[in-house]
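In the numbering used here, each residue's number is its place in the sequence shown (first place is 1) plus 76.
We treat Cβ as the ideally placed atom computed from N, Cα and C, and that holds for glycine.
In what follows, a single structure is set out as structure tokens and then discussed.
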Amino acid sequence: MATLTSAHPPYAVAAAPFAVTAACQGCGACLLTCPEHAIRPGADDGTLVVLADRCSGCGECVEVCPVDAITETGIEGRTPTWTPMRTPTPTPTEVPR
């Protein structure tokens, strides 16, 4: 029988890599997109929260949000590190046989 575990390794800081800001309009695109189902309704006011123990940090929610309401959080004074690649991935060379 498979056991469900956290998306984070055991040594990871227990803080969600992303947060839903007040700019959220509640469209639900992030809820449907998250492969870990880490975004859930929070308080009674309809705000959404990212569950730290489920979020893998893939960033799919950031990409799908139409109003850019999901941002990366800094953890313990660290600045966000999620940025797109600046250079294309190098093409592998052919290995002689």
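8 Å Cβ shell around residue i - same chain, five flanking residues per side excluded
i: residue 124; result: 96, 100, 102, 106, 107, 115, 116, 117, 118
i: residue 127; result: 92, 114, 115, 116
Own chain residues within Cβ distance below 7 Å of residue i, not counting five before or after
i: residue 93; result: 131, 133, 148, 149
i: residue 109; result: 136, 137, 140
i: residue 122; result: 102
Where the alpha helix (DSSP H) through residue i begins and ends
i: residue 124; result: From DSSP, residue 124 is part of no alpha helix (DSSP H) but of the beta strand (DSSP E) over 124 to 126.
i: residue 106; result: 105 to 109
Residue i: first and last residue of the uninterrupted beta strand (DSSP E) it sits in
i: residue 96; result: 94 to 96
DSSP beta-bridge partners of residue i
i: residue 147; result: 95
i: residue 117; result: 124
Presumed contact (8 Å Cβ cut-off) between residue i and residue j, rounded CB distance
i: residue 139; j: residue 111; result: Contact doesn't hold; Cβ gap of about 12 Å is too wide.
Same chain, Cβ closer than 6 Å to residue i, five either side skipped, listed in chain order
i: residue 143; result: 99, 101
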